[in-house]
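Notes follow once the structure below has been shown.
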Amino acid sequence: MTTSLAEPRTTASGTRRTRGRVGPGRAVGIGLIWLFVAASLLLLLWMLLTSLRDSRSIFDDPWALPDPFRLSNYTTAFDSGFGRAALNSVLVSGSAALVSVVLAAPAAYALSRRLNRMAGPLTMLFVLGLGVPGQVLLIPVFFMLTEVGMVDSLPGLFLVYVGIAMPFTVFLLTGFFRSLPGELEEAAALDGASPGRTFWQIVLPLARSGLITAFILQLINNWNETLFALALMQSNDNFTLPLVLARFIGEQQYKGADWGGMFAGLCLVVAPMLVLYGWLSRRIISGMTLGIGK
Numbered sequence: 037m038t039t040s041l042a043e044p045r046t047t048a049s050g051t052r053r054t055r056g057r058v059g060p061g062r063a064v065g066i067g068l069i070w071l072f073v074a075a076s077l078l079l080l081l082w083m084l085l086t087s088l089r090d091s092r093s094i095f096d097d098p099w100a101l102p103d104p105f106r107l108s109n110y111t112t113a114f115d116s117g118f119g120r121a122a123l124n125s126v127l128v129s130g131s132a133a134l135v136s137v138v139l140a141a142p143a144a145y146a147l148s149r150r151l152n153r154m155a156g157p158l159t160m161l162f163v164l165g166l167g168v169p170g171q172v173l174l175i176p177v178f179f180m181l182t183e184v185g186m187v188d189s190l191p192g193l194f195l196v197y198v199g200i201a202m203p204f205t206v207f208l209l210t211g212f213f214r215s216l217p218g219e220l221e222e223a224a225a226l227d228g229a230s231p232g233r234t235f236w237q238i239v240l241p242l243a244r245s246g247l248i249t250a251f252i253l254q255l256i257n258n259w260n261e262t263l264f265a266l267a268l269m270q271s272n273d274n275f276t277l278p279l280v281l282a283r284f285i286g287e288q289q290y291k292g293a294d295w296g297g298m299f300a301g302l303c304l305v306v307a308p309m310l311v312l313y314g315w316l317s318r319r320i321i322s323g324m325t326l327g328i329g330k
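Numbering of the sequence shown is given in the working numbering, commencing with residue 37 and proceeding in unit increments.
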């Protein structure tokens, strides 16, 4: 009597599929992924619990639970400028992400649908922009903003974020637009719709997942960006959250480290993006993978 290495099963559509055994290499890979996920979740939980403790108890027993809960650590963080910085980060990061998607969508649509001799070189130009590191752009950007008087201003930082977001946003949306069926646009042309009307009324609603994906990815990138903000922002009123956190940590080194307050500041920086990504994670992943084969 022989035993089969695969077990057939019937799907909902009535077809039979063969489910093979998971190989040892794949099992190890899956185990490592789950181990990484568990370690990340435990680290986030530890950071949250530590933000509710005082410095002495943290040093006495780093792994103990808060007793009592010190919500005053968050008050200390807000008094150190985190409230104003959070508002600056929301305004600059959100508006820059929105404008970059608004500007990149027509460009990506034109590059994906208008097949001419300029489409290829222009697409390659945006792709090359992905390989330029921010450190190379820092000094030219600083001098250009100095010439127009926009150093140490939130509008200047907004323009920088929009500029550095364009290569990736155009590249992402170009692949997504190519995944959309061209028959819908042909039908709209037969009905007398102009290219502009077809884009705004037919293509954009179909591309909603891709647009949301591009917006969220740019929002997360802008929220965590530190290099350009550190070089361009000089007054405390214009600081974003990463800058206030860095300043807060530096101050605590001279005043006596308030570790609970520092972890509270970390939670204020990390928590909004975690909640946002957890809420829209499926839409982000689907938007990134829809245009993979095009």
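All C-beta atoms, glycine included, are put in the ideal place defined by N, C-alpha and C. Since the model is a prediction, treat every value here as computed from it, not as a measurement.
query	result
Should the stretch 56 to 73 be regarded as contacting the stretch 273 to 287, the criterion being three or more beta carbon pairs within less than 8 Å?	no
Under three-state DSSP, which class holds D294?	coil
Apart from the five residues just before and just after V242, which ones in its own chain have a Cβ nearer than 7 Å to its Cβ?	As written in the sequence, residue 242 is Leu, which differs from the Val given in the question. For L242, where only same-chain residues beyond five positions count, the Cβ hits under 7 Å are L216.
Determine the extent of the alpha helix (DSSP H) in which T159 is found, giving its start and end residues.	155 to 165
Apart from the five residues on each side of it in sequence, which residues of its chain come closer than 8 Å, Cβ to Cβ, to I200?	G170, L173, F264
How big is the Cα-Cα spacing for L277 and N257?	13 Å
Just to confirm, is the Cβ distance from L208 to A250 under 7 Å?	yes
Quick check: what's the CA-CA separation for A132 versus D96?	44 Å
Less than 7 Å separating the beta-carbons of F194 and V128?	yes
So, with DSSP's three-state summary, where would you put F118?	helix
At what residues does the alpha helix (DSSP H) containing G192 begin and finish?	190 to 214
Could you tell me the distance, in whole angstroms, from the CA atom of M186 to the CA atom of A121?	19 Å
Quick one, are the C-beta atoms of T210 and A144 less than 7 Å apart?	yes
If I measure Cβ to Cβ from R106 and keep anything under 8 Å in the same chain, skipping five residues before and after, which residues do I get?	L88, R89, D90, G296
Tell me the residue span of the alpha helix (DSSP H) that contains G65.	60 to 86
Check L253 in the structure and name its three-state DSSP category.	helix
Please classify P231: does DSSP put it in a helix, a strand, or coil?	helix
So, using beta-carbon positions, are P331 and L240 closer together than 7 Å?	In the structure displayed, the chain extends from 37 to 330; residue 331 sits before or after that span and is not available.
Where do the N-terminal and C-terminal ends of the alpha helix (DSSP H) with G170 fall, by residue?	170 to 183
Please name the residue in L268, Y110, L101 whose C-alpha comes closest to that of V177.	L268
Can you give the beta carbon distance from F299 to M83, rounded, assuming they're within the 8 Å contact cut?	6 Å
Need the endpoints of the alpha helix (DSSP H) that I94 sits in, please.	91 to 96
Could you give the residue range of the alpha helix (DSSP H) that holds A109?	For the sequence presented, residue 109 should be read as Asn rather than Ala. It spans 108 to 113 - the alpha helix (DSSP H) in which N109 sits, taken as one unbroken run.
Whole angstroms is fine: what's the gap from L226's alpha carbon to F162's?	32 Å
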